[in-house]
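First up is the structure itself, then whatever we jot down about it.
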Amino acid sequence: MSPPQEIPVVTAEQMSEARLPLAYRDRCAGLLIPLNRCRFETMYLPWKCENERHSYEKCQYDEFMKRVKKMEELKAANPGMRSN
């Protein structure tokens, strides 16, 4: 895995001001706010904001992999238990 990246910490008030939907208010929100700002300023042109988009998507992927690893650890600690 790559070295951890510096993710800006965003307060609930900043997320509210940026009008982030509740579903996107996670650890990666500090990267989503500048991405959305860039998208707005460039009228969502797909070849713009590539660095911001890549950083945000990488953060989301890393968070997903952490959840998968945690689930595997829980399954290994409790064999025979159902996950649902």
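In this text, residue positions in the sequence shown follow full-length UniProt numbering: the first is 1, and each later residue adds one.
The beta carbon of each residue, even a glycine, is placed where N, CA and C say it ideally should be.
This one's a predicted model, so the numbers in the text were calculated from it and none came from an experiment.
Item, Value
"For P34, which three-state DSSP category applies?", "helix"
"Assess contact between the region 39 to 48 and the region 57 to 70, defined as three or more Cβ pairs (one per stretch) separated by less than 8 Å. Is contact present?", "no"
"Mapping the DSSP letters down to three states, classify M71 as helix, strand or coil.", "helix"
"Closest to V9 by CA distance: which of Y24, L31, L20 and K48 is it?", "L31"
"Short check: CB of E63 to CB of R27, under 8 Å?", "yes"
"Comparing alpha-carbon positions, which option in A29, L74, W47 and A76 lies nearest E13?", "A29"
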